[in-house]
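Trainee: One structure, pasted below without further comment.
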Amino acid sequence: DQLTKEASNHVWKELPWIEELRAVRFAQAEWTEKLARPKTPMHALFVHKTIQSRLRPDDCLVFDGGDFCHFGRSLLPALKPKHWFCVSSLGMLGSSLPQALAAKLAYPDTRVIMLTGDGAFGFNAMEFDTAVRHKLNVVGILGNDSAWGIDRQIQLGLYGRPVATDLLQTRYEQVVQGLGGYGEFVERPEDLASALDRAFAAGRPALLNVAVERAISPRAEAAIGRRKAAAGK
Numbered sequence: 001d002q003l004t005k006e007a008s009n010h011v012w013k014e015l016p017w018i019e020e021l022r023a024v025r026f027a028q029a030e031w032t033e034k035l036a037r038p039k040t041p042m043h044a045l046f047v048h049k050t051i052q053s054r055l056r057p058d059d060c061l062v063f064d065g066g067d068f069c070h071f072g073r074s075l076l077p078a079l080k081p082k083h084w085f086c087v088s089s090l091g092m093l094g095s096s097l098p099q100a101l102a103a104k105l106a107y108p109d110t111r112v113i114m115l116t117g118d119g120a121f122g123f124n125a126m127e128f129d130t131a132v133r134h135k136l137n138v139v140g141i142l143g144n145d146s147a148w149g150i151d152r153q154i155q156l157g158l159y160g161r162p163v164a165t166d167l168l169q170t171r172y173e174q175v176v177q178g179l180g181g182y183g184e185f186v187e188r189p190e191d192l193a194s195a196l197d198r199a200f201a202a203g204r205p206a207l208l209n210v211a212v213e214r215a216i217s218p219r220a221e222a223a224i225g226r227r228k229a230a231a232g233k
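Shown next as structure tokens:
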């Protein structure tokens, strides 16, 4: 606050790169709008945009790794300090649920929203048992494309075929139901907003298992581009 107050007394000249950033931001917004249109199966950005429409100023967001969450991190902003978390150096895939439980302990009166993919979810899915036993009412949104998404996309981009990266359309929400939590399977875009409302109102740990299309993220495209450039292709 003190730095902001001091800076307000100075006149800052416009720099060329600021306009470049504005242009990139505008292009990203157009890209998001194009991909976030309702269809079946849903694009990850439609899911994240629907989540965005339900956010409150003090909500805490916890992202896992993988393509579903790469799309989310490109759209969903930090709403306040220390309320936006992604994979850390001490944990990659699967870290979102343990992080979300810790966040709920730190912010018991705040809605904690966990975002994960179907591949990542399997690493620590049983911690929903911990959430139920300790009444840590986090809400999870799982983007289910029946694949190890980013790995599959990179395999296709580099080698033209996937290897051992296809998964089943598993009903992960039933696992959470069996542990005593709330769960729904969502396939149609028109059902997502109301399902989110029910999950937030459930009064217990919740998981929405949302069927999404297999879509490549800019993060995966960049990884493919780097590998091809290094190989001189």
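Numbering (the numbering used here), first residue to last: 1 to 233. Glycine is no exception: its CB is placed at the ideal position from the N, C-alpha and C atoms. Bear in mind that the values here come from a model prediction, so they are computed numbers and not experimental data.
Between the stretch 163-171 and the stretch 130-142, do three or more beta carbon pairs fall short of 8 Å?
Mentor: The stretch 163-171 is not in contact with the stretch 130-142.
Trainee: Identify, in the order they occur along the chain, each residue of the same chain with its Cβ nearer than 8 Å to the Cβ of Gly122, setting aside the five sequence neighbours on each side.
Mentor: Gly94
Trainee: Can you tell me whether Ile154 is buried or exposed? The criterion is at least 16 other CB atoms within 10 Å of its CB, across all chains shown.
Mentor: buried
Trainee: Using DSSP's beta-bridge definition, name the partner residues of Tyr182.
Mentor: When beta bridges are read from the DSSP output, Tyr182 appears opposite Ala206.
Trainee: Can you have a look at His251 and say buried or exposed, based on whether 16 or more other CB atoms are within 10 angstroms of its CB?
Mentor: Because the chain in this structure spans residues 1 to 233, residue 251 falls outside the shown range and cannot be described.
Trainee: Report the residue from Leu192, Tyr182, Phe68, Phe85 whose alpha carbon sits nearest the alpha carbon of Ile216.
Mentor: Phe68
Trainee: For my contact list, Met42 and Glu213 are in at a C-beta cut-off of 8 Å; report their separation, rounded to the angstrom.
Mentor: 7 Å
Trainee: If the criterion is Cβ atoms closer than 9 Å, does the pair Phe85 and Gly72 meet it?
Mentor: Not in contact: Phe85 and Gly72 (Cβ atoms no closer than 9 Å).
Trainee: List, from N- to C-terminal side, the alpha helix (DSSP H) runs of 4 residues or more that fit wholly inside the stretch 90-147.
Mentor: 96-106, 118-124, 127-133
Trainee: Roughly how many angstroms separate the alpha carbons of Leu15 and Val210, rounded to a whole number?
Mentor: 43 Å
Trainee: Would the stretch 45-54 count as touching the stretch 100-112 if we require 3 or more Cβ pairs under 8 Å?
Mentor: no
Trainee: Which residues share a DSSP beta bridge with Leu61?
Mentor: Trp84, Ile113
Trainee: Report the residue ranges of all alpha helix (DSSP H) runs contained in full by the stretch 1-45; include only those spanning at least 4 residues, in chain order.
Mentor: Runs found: 2-7, 16-35.
Trainee: Note down, in chain order, each residue of its chain lying with its Cβ closer than 6 Å to the Cβ of Ala78, except the 5 sequence neighbours on either side.
Mentor: Trp84
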